[in-house]
Each structure stands twice: as structure tokens, then as C-alpha cells.
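Below: one structure, written as C-alpha cells.
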Amino acid sequence: MDIPREPKKNKKRWLYIGAGIIAVVVITVALGRLGPAAPSVDKNTIYTDVVQRGEMVRRVRGPGTLISEQIRWIAALTAGRVERIFVQPGAEVDSSTVLLELSNPEVEIQALEAQRQMTNEEAQLVNLRTNLENQRLAQEALVAQVRAQYLEAQRTVKNNEELAEKGLISEIELQNSRDRAVELETRLEIERRRLEVMTDAQQSRLSAQRRQVERFRSIAEFRKNLVESMEVVAGVSGVLAELPLESGQWVRPGDNLARIVQPGRLKAELRIPETQARDVAVGQLALIDTRNDTIQGRVVRIDPAVQASSVTVDVRLEGPLPKEARPDLSVDGTIEIERLTDVLYVGRPAYGQANSLVGLFKVVENGDAAVRVTVRLGRSSVNTIEIVDGLQVGDEVILSDMSAWDSYDRVRLR
Numbered sequence: 324m325d326i327p328r329e330p331k332k333n334k335k336r337w338l339y340i341g342a343g344i345i346a347v348v349v350i351t352v353a354l355g356r357l358g359p360a361a362p363s364v365d366k367n368t369i370y371t372d373v374v375q376r377g378e379m380v381r382r383v384r385g386p387g388t389l390i391s392e393q394i395r396w397i398a399a400l401t402a403g404r405v406e407r408i409f410v411q412p413g414a415e416v417d418s419s420t421v422l423l424e425l426s427n428p429e430v431e432i433q434a435l436e437a438q439r440q441m442t443n444e445e446a447q448l449v450n451l452r453t454n455l456e457n458q459r460l461a462q463e464a465l466v467a468q469v470r471a472q473y474l475e476a477q478r479t480v481k482n483n484e485e486l487a488e489k490g491l492i493s494e495i496e497l498q499n500s501r502d503r504a505v506e507l508e509t510r511l512e513i514e515r516r517r518l519e520v521m522t523d524a525q526q527s528r529l530s531a532q533r534r535q536v537e538r539f540r541s542i543a544e545f546r547k548n549l550v551e552s553m554e555v556v557a558g559v560s561g562v563l564a565e566l567p568l569e570s571g572q573w574v575r576p577g578d579n580l581a582r583i584v585q586p587g588r589l590k591a592e593l594r595i596p597e598t599q600a601r602d603v604a605v606g607q608l609a610l611i612d613t614r615n616d617t618i619q620g621r622v623v624r625i626d627p628a629v630q631a632s633s634v635t636v637d638v639r640l641e642g643p644l645p646k647e648a649r650p651d652l653s654v655d656g657t658i659e660i661e662r663l664t665d666v667l668y669v670g671r672p673a674y675g676q677a678n679s680l681v682g683l684f685k686v687v688e689n690g691d692a693a694v695r696v697t698v699r700l701g702r703s704s705v706n707t708i709e710i711v712d713g714l715q716v717g718d719e720v721i722l723s724d725m726s727a728w729d730s731y732d733r734v735r736l737r
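In my numbering, the protein residues as written are 324 to 737.
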């Protein structure tokens, strides 16, 4: 008896199994190529800007303070203890206003001793001048006496010569009178030279003593000034900005006692980040923001040194000052570097540095999605940055920090 066979059924089964395996492989490959699903980003948590073409003003910004153009620090000339404080910070003062009083008995004793020494030296100068004058007069009298003797000797010689011609005196007597005249002539010359030397020596001694007196007078004057300096005066007109002392406090020479400013003459001292300060130049326009008002200004000085990663820039204020302007007021300053004409620019992204290559998300599909594009940035300003390549006019890009989606090239906006 013949048994029926079913070869076609088995063949179809294997075909179905093979097709299923192929389908699974194809689906797996397709899913692998699709990658992770695009994440969603809330539109309300990001901010965007549209690329524009036109004039872009480059600016740099930095915090700062208003300071007086004329500041007078009053320093202690001597050590002392604060006895009394007469004026408090904020008060208007003039050049003769007494700010505070110091005391130091040792300084006062030194001043008295210096005054005593100066008086002694002045007395010695008077005594020396008197003694030297007496010596000079005595020498002049001696010169006059020798001169009279010399003149008398000359007359004697002349008289003896007449007598000798008549034979009334001997030759020896005549020669003796001549020798006497020569001796007195020589002595007169010596005494005259002695008077000249004495006069020069006396002038030198007097000059030395005068210098000694001047030295002690300078010391006494210095000590006197130290005593007077313990009554601290303002020295200039203005406003007392600082007096960091208390009664009973001990100060040393050189310690700052007070700071006086002239409030009507202020300038802004800005701290510009060192990475942005390289393009700042003297003469550039600036705008100072006092939180309540703005003041026009111009850069007048740039500190050559960098301190705490910033460069100090002084801005002269132009025009009337607002009422709130006063020394030590915190401000923000913006300096105009240059104006770029006919350039592509957009708002400055969160992590976009000048002259760099960055990835930005460009809004597509009518604002429902954003794709990552590579953008080359150029020169930057406070709020804007130049687009060199990668974007066109009208492109809308996300400026917010998108570092949380660095692993995605596409995000959905909802």
C-alpha cells in the first residue's frame, strides 16, 4: 500500500523561517542606523536670535567704581596715640579743618631738646664772632703799629743820610738805621699777610659754625613740625571720605590717617578682562552705567600691568554728573572699540569665543526642531559676535547653553 509524502509543506516552512530571520536582521540594522531618538527641549527655557547683516559695534564691558580725580591721603609723620577725633567721614572740610589730634610725649621732649641745642649753637656763633672780631682788630692794630714804626724808620734813614753827608754821624749809624727800616718793612709785610690769613680762617670758622647752627635749626624745625603734625589738618578742601581710626589707637609713621576727595571731579576706574583689554585704546568712547543713569566718557589711561586677570582702565567723565554720582560708587562701563560695517552677526552664544569654531543649533522645520551646524565665529562684542562662515542672513540659532545635548545633532522643540 502506498504512503503519501508531503515535501512541499516542509519546503514552505523553511522558506518562512529564512524570511523571518532576514526580516529581523534588516530591522535590527535599520534601527541601529536610526540612532537614539531626538530629545525634546522646551522652547520657554531657551533663547534664540536671528542672523543679521549690517553694522556691528564692538564693545567691551567691565565693572568698576567712581573715584575722585584728586585724592589726598593724609599720613602720620610721627608715631602717636589718637586723643580726639573732630570730624567724621562724609563731612565737608577745608584746608584748615582739624581732623584729629595725636599725642606723644617723647616727640615733644625731642622737640624741646632740639630747640635747646639750636639755642646753644646760636650762642656759640655769637661768642665765636665776638672773639674772632677781637682777634682781627688786635691784628689790625699790630699792623698799624708796625707800619708807623716802619714809616718812622724811613724818616730816620733819610735824616741820617743827610747827616752822614755832612759828616755828623758815622757810617755804622747810617747802616744801622737802614737795617732797622728793612726789618720793619719785612715785619709789616708779614703782619699784613698774617691779617689776610687770619681773616680767611675766621670766615671759614664762622661759616662752619653757621652751618652747625643751620643744621641744628633744621633739626629743631623738623622736631617742631612733628609736634605740630600731631594736630592733623585736612590741607585741602573737599569731603572726608575715610578716617579709619578710633580714640586711643596707636599709629606709626606712614600710617594713613584720612582720605579726602573732591566729589565734583570724578572719573571711572573700570576693570576690563585681560582677554578683552588688548583692543582698548586711549581716546575711545565709553558709557558708564550708575544703575540709575548713564554718563558719557572717554578712555584716558590704561594700566600697563594685569592684576587679578583684569586691566584697569581710567575713563574721564564728560558732561554733568547725575545726583547719585559720588566716590566709591559701583558702576558698569562699556567701551566702544570699533564699528564693523556690512558684516554678518548674531547675539553672542553662551559659550562662543571670538575667532573660534563652534557647534550651534539652527532652528528648522518652522521652529519645531533644531539641528547642529558648525559655525566659524569672528570678532566679538559684549552682546553680539561676527559670523564668518556656517550661517546665512535670516537663520535662527539657539544662544542658550546646550551642553546637555552635546551628544545629539538634532533636538525637537516643543
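Yeah, the Cβ is synthetic: ideal placement off N, Cα and C, and Gly gets one too.
Partner residues in the beta bridge of A581, as assigned by DSSP, are I397.
Closest option to V556, judged by alpha-carbon separation, among I710, I408, V698: I408. Inside the region 360-385, DSSP marks whole beta strand (DSSP E) runs of 3 or more residues at positions 371-373, from first to last along the chain. One thing to note: R733 has its Cβ within 7 Å of the Cβ of V694. Between V430 and T401, the CB-CB gap stays under 7 Å. Between I658 and A609, the C-beta gap is smaller than 7 Å, which places the two residues in contact.
With fewer than 16 other Cβ atoms inside 10 Å of its own Cβ, N457 counts as exposed. Counting C-beta pairs closer than 8 Å gives three or more between the region 637-645 and the region 608-623, which meets the contact rule. Shown here, A487 sits in a helix according to DSSP, grouped into three states.
When secondary structure is reduced to three states using DSSP, P650 falls in the coil class, being assigned neither helix nor strand. Contact between L465 and E514 holds: CB atoms are separated by about 6 Å, below the 8 Å threshold. Note that the region 708-728 touches the region 664-684; at least 3 beta-carbon pairs, one per stretch, sit closer than 8 Å.
About 17 Å separates the beta carbon of S653 from that of P596, a gap too long to meet the 8 Å contact definition.
Below 8 Å, enough C-beta pairs join the region 423-443 and the region 548-555 to call them touching: three or more. For Q630, the pairing in a beta bridge is given by DSSP as S633.
If only uninterrupted beta strand (DSSP E) runs of at least 3 residues are considered, those enclosed by the region 650-688 are 653-670, 680-687.
Beta bridge pairing from DSSP links L593 with G387, V636. Just so you know, the alpha carbons of L568 and E592 end up roughly 27 Å apart. Under DSSP, V416 takes part in a beta bridge, and its partners are G561. Under DSSP, the beta-bridge partners assigned to L610 are Q619, T657. For S703, the enclosing beta strand (DSSP E) begins and ends at 692-703.
For L425, the three-state secondary structure derived from DSSP is strand. Annotated three-state conformation of R404 is strand, per DSSP.
Inter-residue distance for K590 and L563 is about 18 Å (C-alpha atoms, whole angstroms). DSSP, reduced to helix, strand and coil, places I495 within a helical segment of the structure shown. For L507 and E494, the gap between their C-alpha atoms comes out near 20 Å. Residue nearest to K366 within the set L700, F684, V380, V705 is F684 (criterion: CA-CA distance). Taking L497 as the centre and dropping the five residues before and after it, the same chain places the C-beta of N483, A487 closer than 6 Å to its C-beta, in chain order. Counting only residues of its own chain and dropping the five nearest sequence neighbours on each side, W396 has a CB closer than 6 Å to the CB of N579, R582. The beta carbons of L529 and R470 sit about 27 Å from each other, so the pair does not count as a contact at 8 Å. Looking at the backbone, the Cα of A461 and that of Q472 are separated by about 17 Å.
A Cβ-Cβ contact shorter than 7 Å links R382 with S704. By the beta-carbon neighbour count (other beta carbons within 10 angstroms, threshold 16), T635 is buried. DSSP places R735 in the uninterrupted beta strand (DSSP E) bounded by 733-736.
It is roughly 35 Å from the alpha-carbon of G377 to the alpha-carbon of V629.
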